[in-house]
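Peer 1:
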């Protein structure tokens with residue numbers, strides 16, 4: 134599931150395909166016929182709530198898109214157009230010092246890796262390690278473009294594809310799709326894609342953004358990463374082995390997720406209806422710890438805003454509790470002890486509304502929502518605990534076509 138705007142995202146088509154990916158790919162491949170070179174970008178995302186639950190309906194998740202973007206630069210690999218059955222594809226990742234070449238069938242869009250090079254300290258190494266997400270993205274992009282183009286334009290696309298594709302990936306993307314290999318069909322990919330695109334999509338999405346004067350801040354503890362697919366697999370195994378207990382925890386977690394969403398929406402409503410009171414409360418609360426928020430106000434409108442803030446905070450504490458319970462039951466570190474200690478310190482910092490582990494959890498990162506100008510307080514606190522505050526903020530911009538190569542900026 135790829136979420137590119139600030140939305141509450143419901144489960145969509147399983148695997149590595151999505152409606153926004155379909156739309157951007159179709160437009161991208163139609164434009165390449167004219168422009169011959171395209172730069173597209175997509176935002177990074179933070180799944181605040183909904184980890185694991187979004188794999189099943191009707192559970193929702195809150196996703197924030199960020200200003201950390203990932204770019205793909207696409208241009209022809211060869212100058213000449215020829216009649217070929219297999220086209221050349223080169224995928225280059227300068228930041229990862231990695232280059233991979235493939236052969237793609239122009240008949241059924243299967244992809245075969247022909248060579249992968251990794252440059253380490255200016256030395257050339259051959260590697261058998263492959264990135265399935267990149268390979269699926271290339272296959273699905275071409276198949277989707279072929280399917281969505283008019284039949285009269287498909288032959289033109291085929292000729293252009295015979296020139297090969299030179300793809301440069303910029304940025305950092307550690308997302309890997311959880312894929313059931315046993316369910317892979319032998320039907321030609323473009324036929325499968327066509328059926329999916331023509332079907333009635335049952336996903337839902339609702340616009341969402343943080344209430345005014347609230348900021349997203351991400352931290353990197355530097356304690357290693359976690360494998361999302363293996364953690365998802367462990368949770369699925371636990372669900373099968375203990376369906377009654379797992380349902381109980383999931384229901385409570387879903388309730389807490391919904392409560393957090395409701396409090397955020399209420400705060401946005403309060404800001405719209407009574408901005409002066411809202412701003413006054415936020416400006417005061419950003420300078421002290423949450424335990425002192427309630428005692429600062431006596432006016433009814435101010436008290437209600439503080440109640441909503443504390444309600445959001447309490448909902449996040451419940452989310453963390455149920456995520457830990459799920460992790461312990463499944464035998465995986467969704468919120469490891471080291472992260473728990475860090476998050477407790479984070480939530481005890483002046484001006485911090487809430488904090489948690491994003492997505493599937495683990496050791497990768499932590500996030501926090503701060504009030505007004507209090508992010509500096511948290512940055513100092515994290516620094517004292519050897520946590521790097523990342524220069525990332527909430528940004529509503531979704532998938533975009535860029536005017537040029539970002540390296541030229």
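Residue numbers (the numbering used here): 134 to 542. For every residue, glycine included, the Cβ atom is placed at its ideal position computed from N, Cα and C.
(1) Three-state secondary structure (DSSP) at residue 375?
(2) Would you say the region 368-376 touches the region 409-429, given that touching needs at least three Cβ pairs under 8 Å?
(3) When the Cα atoms are used, what is the spatial distance from residue 356 to residue 288?
(4) Between 519, 479, 515 and 346, which has its C-alpha nearest residue 546's C-alpha?
(5) If you draw a straight line from the C-alpha of residue 309 to the C-alpha of residue 409, how long is it?
(6) Measuring straight from C-alpha to C-alpha, what distance separates residue 301 and residue 217?
(7) Which value, in whole angstroms, describes the spacing of the CA atoms of residue 182 and residue 196?
(8) Taking Cβ positions, are residue 389 and residue 435 nearer each other than 8 Å?
(9) As an exercise, report each continuous alpha helix (DSSP H) stretch of at least 4 residues that is fully enclosed by the region 374-411, in chain order.
(10) Is it buried or exposed, residue 396, if we count other Cβ atoms within 10 angstroms and call 16 or more buried?
(11) Apply the 10 Å Cβ neighbour rule to residue 461 and answer buried if 16 or more other Cβ atoms are within range, or exposed otherwise.
(12) According to DSSP, simplified to helix, strand and coil, what is residue 264?
(13) For residue 478, name the three-state secondary structure that DSSP assigns.
(14) Kindly confirm or deny that the region 204-224 and the region 401-416 touch, where touching means at least three C-beta pairs closer than 8 Å.
(15) Which same chain residues end up closer than 6 Å to residue 174 when comparing Cβ atoms and leaving out the 5 residues on each side of it in sequence?
(16) Would you mind stating whether residue 239 and residue 294 have Cβ atoms separated by less than 8 Å?
Peer 2: Per the coordinate set shown:
(1) coil
(2) no
(3) 51 Å
(4) The structure shown does not extend to residue 546, since the chain is modelled only from 134 through 542, so no value can be given for it.
(5) Its pLDDT being 28, under 50, residue 309 is placed unreliably by the model, and the measurement read from it follows with that caveat. So the alpha carbons of these two residues sit roughly 44 Å apart.
(6) 23 Å
(7) 7 Å
(8) no
(9) 376-406
(10) buried
(11) exposed
(12) coil
(13) helix
(14) no
(15) 202, 204, 533 and 535
(16) yes
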